[in-house]
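So the sequence lines, in the order shown, correspond to chains A and B.
Residue numbering for the first sequence is 131 to 436, as defined by the working numbering.
Residue numbering for the second sequence is 28 to 318, as defined by the working numbering.
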Amino acid sequence: MNYLRWIGAFLLLAGLPFFLGSYYNDVYRKMLLWVTLALGYNFLFGIGGQVAFSHFAFYGVGAYSIVIFLIQLQLPLPLAILLGIALCVLVALAVAIPSTRLEGFYLALATLALAQLFVVVLNEGGAVTGGTGGLANYRLPEVFGLRIAGPWYTAVIVFLLLMTFFILLKLDRSWFGRACRAVRDNPEAAAAMGVDVARTKVIAFTLTSALAGVAGMVYAFVDNTVNPPIFGLENAFLILFMVIVGGAGRHAGAVIGAVLLFLLPFVLSPLVGHHHVLVFGLLVLGAILAAPKGLIGFYDSIRKNF
Amino acid sequence: MQDFLELAVSATASGCVYGLIALAYLLMIRPTGIINFAVGEWAMVGAFAGHILFYRFEFPYPLGIALVVAFMAVVGWATERIAVRPLVDKGAALLAPILALLGVLVITREIISVSFPPDPLPVPSAFGFGRLELGPVGGSYQSFFIIAVAALVFAGFWFFFEKTLWGKSFEAVSLNRRAAALMGINLSRVTALSFAGGAGAAGLAGLLVSPNVSAHYLMGVPLAIQGFTALVIGGVGRVEGALLGGLLLAFAEQFTARYAPIPSGYTQGVPLLLLMIFLLFRPTGLLKARA
Numbered sequence: 131m132n133y134l135r136w137i138g139a140f141l142l143l144a145g146l147p148f149f150l151g152s153y154y155n156d157v158y159r160k161m162l163l164w165v166t167l168a169l170g171y172n173f174l175f176g177i178g179g180q181v182a183f184s185h186f187a188f189y190g191v192g193a194y195s196i197v198i199f200l201i202q203l204q205l206p207l208p209l210a211i212l213l214g215i216a217l218c219v220l221v222a223l224a225v226a227i228p229s230t231r232l233e234g235f236y237l238a239l240a241t242l243a244l245a246q247l248f249v250v251v252l253n254e255g256g257a258v259t260g261g262t263g264g265l266a267n268y269r270l271p272e273v274f275g276l277r278i279a280g281p282w283y284t285a286v287i288v289f290l291l292l293m294t295f296f297i298l299l300k301l302d303r304s305w306f307g308r309a310c311r312a313v314r315d316n317p318e319a320a321a322a323m324g325v326d327v328a329r330t331k332v333i334a335f336t337l338t339s340a341l342a343g344v345a346g347m348v349y350a351f352v353d354n355t356v357n358p359p360i361f362g363l364e365n366a367f368l369i370l371f372m373v374i375v376g377g378a379g380r381h382a383g384a385v386i387g388a389v390l391l392f393l394l395p396f397v398l399s400p401l402v403g404h405h406h407v408l409v410f411g412l413l414v415l416g417a418i419l420a421a422p423k424g425l426i427g428f429y430d431s432i433r434k435n436f
Numbered sequence: 028m029q030d031f032l033e034l035a036v037s038a039t040a041s042g043c044v045y046g047l048i049a050l051a052y053l054l055m056i057r058p059t060g061i062i063n064f065a066v067g068e069w070a071m072v073g074a075f076a077g078h079i080l081f082y083r084f085e086f087p088y089p090l091g092i093a094l095v096v097a098f099m100a101v102v103g104w105a106t107e108r109i110a111v112r113p114l115v116d117k118g119a120a121l122l123a124p125i126l127a128l129l130g131v132l133v134i135t136r137e138i139i140s141v142s143f144p145p146d147p148l149p150v151p152s153a154f155g156f157g158r159l160e161l162g163p164v165g166g167s168y169q170s171f172f173i174i175a176v177a178a179l180v181f182a183g184f185w186f187f188f189e190k191t192l193w194g195k196s197f198e199a200v201s202l203n204r205r206a207a208a209l210m211g212i213n214l215s216r217v218t219a220l221s222f223a224g225g226a227g228a229a230g231l232a233g234l235l236v237s238p239n240v241s242a243h244y245l246m247g248v249p250l251a252i253q254g255f256t257a258l259v260i261g262g263v264g265r266v267e268g269a270l271l272g273g274l275l276l277a278f279a280e281q282f283t284a285r286y287a288p289i290p291s292g293y294t295q296g297v298p299l300l301l302l303m304i305f306l307l308f309r310p311t312g313l314l315k316a317r318a
């Protein structure tokens, strides 16, 4: 019964783009990718209590690595995916192990520096990363003789979204999810209950980073181009803001925040041009000061009172 | 050798700038535990203030510096009032003000990018362009100016923390907030002052570095990273640590850029590398806090 629900959700979400034009299909699938990223980041930040700015950089590591392994090195698709994930895991471990040994917000800073460095590596990477112009003019190879494109590729994104959500939901409801929440709320108490605080943090960081990397691999074939500006710090902040505005720690909050902040620029740009980020900043400050549980907390309190 | 000494002077100057940013972090972290990533943006605001005062209105330099620092102190004080105090009063977790200050970071940057043209804007240096030679050591006027100002600021803060009752009350709050409050120290005043001082130090750092790099709305984040790395290297316990960490980072960066056979862009990786090494092997930094 439960699995029927997942299949129903897949059919509904994947069926929708067949009725949308190609422009709206493009908007729709980018929105789904943001929702995927926000869900993963919510697990790290909202449930695990870790502030990191590297989520979008790992999205970029995934996107670039799949293009480099699959197109430039001509490796088979499964191997390219595995190598990309391995790369994300390695980088994540290298950053997380030193940063989470100590109390405090060292991870935030280390990942800020990592995100900054990632864009430098992309720009200076020469032929491997395509430099400032990035990589373009490639196509997803045929899979089992099929060329997946248009709304069919959106179905792949829907599958990615639901798979990410499924993994995170299972984790959240498992021993590990509870350990993450315990570490977030009170590290000393968690340690006293036998939770290895540093290890829990490292695993949560590495896992969500790898999920972001997989999302990046899927993203690489949405526009068939990857370039450095996409993976800059702006978007790393945006994803944090999505989770805060929607309601940190709640899956529904991440979805609401991602959809809202993704669609808001379309509404705002006639009014404020390219300066919608200013509105985002004000929204976040307002949310933290007035509604620390985000929009989903708002919804909860309304439902409770009526 | 000539090359080495030349580089040493410019590295010392950038080290002083990083040290001032680290000092800004330290002033706020010590009494409150809050890491304020907006210090980079405050440095950026200081640079733009320098552009307005010295380039557009050609203010005399000492008066201009005093004005910028005073203005930044007001900005820091206002930020604490708006984004930090309501959360502290509510008893929110430490993460809440840190995130609120990230919101402030974005708002500050966007206000500047809306108000000014996107190109880097010139800021004149204190004594114009020229070279000063002191025996074998030579460098630009601005380098020596930065070193002198930073030395004054650090000496002032060292004196403040070590020798004055006000400084002792700051230390008391950083050691134990509740005990300090019970001893009659006004916590909210210490917090407000630490933000005002932090913003002043950050704005001064931005103003000092701006003649070399121009005022640009994206200059904040790299400075925020370098300043925090300097803080981790030096240790959050002592004012001298901030300066020492800044100098070490700047030397590492500039000597890597000059002598290591890698593209110069990769020197942006030096802070990350040093940060990781120090977090792994010496997490308390070089200088330990006094007990």
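A virtual CB, placed ideally from N, CA and C, is assigned to each residue, including glycine.
- Leu205/A carries a coil assignment under DSSP once its states are collapsed to helix, strand and coil.
- Think of a sphere of 7 Å around the beta carbon of Pro228/A: the chain B residues whose beta carbon falls inside it are Met303, Leu306, Leu307, in chain order.
- Exposed is the label assigned to Arg277/A, since fewer than 16 other Cβ atoms lie within 10 Å of its Cβ.
- For Leu146/A, there is no enclosing beta strand (DSSP E), as DSSP gives it neither H nor E.
- Taking all protein chains shown into account, Ile134/B has 16 or more neighbouring C-beta atoms within 10 Å of its C-beta and is therefore buried.
- When C-beta distances to chain A are compared with 9 Å, the residues of the region 129-143 of chain B below that value are Leu129, Gly130, Val131, Leu132, Val133, Ile134, Thr135, Arg136, Glu137, Ile138, Ser140, Val141, in chain order.
- Residues of chain A whose Cβ lies closer than 7 Å to the Cβ of Gln295/B are, in chain order, Gln246, Leu247, Val250.
- According to DSSP, residue pairing for Arg158/B in a beta bridge involves Ser167/B.
- A Cβ-Cβ distance of about 7 Å is found for the pair Thr338/A and Tyr171/A, placing them in contact under the 8 Å criterion.
- Close partners of Val414/A in chain B (Cβ separation under 7 Å): Gly130.
- Beta-carbon to beta-carbon, Leu234/B and Gly73/B are separated by about 4 Å, close enough to satisfy the 8 Å threshold.
- For the region 242-263 of chain B, residues whose beta-carbon sits nearer than 8 Å to a beta-carbon of chain A comprise Val248, Pro249, Ala251, Ile252, Phe255, Thr256, Val259.
- Residue contact with chain B for Gly190/A: absent (no Cβ-Cβ distance below 8 Å to any residue of chain B).
- Under the three-state reduction of DSSP output, Leu299/B falls in the helix class.
- For Ala421/A, no CB of chain B lies under 8 Å from its own CB, so it is not counted at the interface with that chain.
- Residue-level contact check: Pro145/B does not touch chain A, since none of the beta carbons of chain A fall below 8 Å from its beta carbon.
- Comparing alpha-carbon positions, the option among Leu291/A, Gly379/A, Gly260/A lying closest to Ile201/A turns out to be Gly260/A.
- Ranked by how close their Cα comes to the Cα of Thr59/B, the residues Glu107/B, Arg83/B, Glu85/B, Met28/B have Glu107/B in first place.
- At the C-beta level, Tyr189/A and Phe361/A come within 8 Å of one another.
- Under the 8 Å Cβ criterion, the region 123-141 of chain B counts as touching the region 398-409 of chain A, having at least three qualifying pairs.
- Runs of the alpha helix (DSSP H) lying entirely within the region 85-166 of chain B, each at least 4 residues long, are 88-106, 112-117, 122-142 in chain order.
- Collapsing the DSSP output to three states places Thr311/B in coil.
- Taking each of Phe181/B, Phe154/B, Gly162/B in turn and checking the Cα distance to Ser170/B, the smallest one comes out for Phe154/B.
- Chain-ordered listing is empty here: chain B has no CB closer than 9 Å to the CB of Arg311/A, the nearest sitting near 13 Å.
- Taking every protein chain shown into account, the CB of Tyr133/A has fewer than 16 other CB atoms within 10 angstroms, so this residue is exposed.
- In this structure, DSSP gives Thr191/B a state outside helix and strand, which the three-state scheme calls coil.
- Bridge pairing for Val356/A: Leu265/A [DSSP].
- In the structure shown, Val273/A adopts extended strand secondary structure according to DSSP, grouped into three states.
- Residue-level contact check: Gly145/A does not touch chain B, since none of the beta carbons of chain B fall below 8 Å from its beta carbon.
- If you ignore the 5 residues before and after Cys310/A, its C-beta comes within less than 7 Å of the C-beta of Ile177, Gly178, Thr330, Ala334, all in its own chain and listed in chain order.
- DSSP places Ala219/B in the helix class (H, G or I) of the three-state scheme.
- Minimum Cα-Cα distance from Val250/A among the listed residues Ala382/A, Leu363/A, Pro395/A corresponds to Leu363/A.
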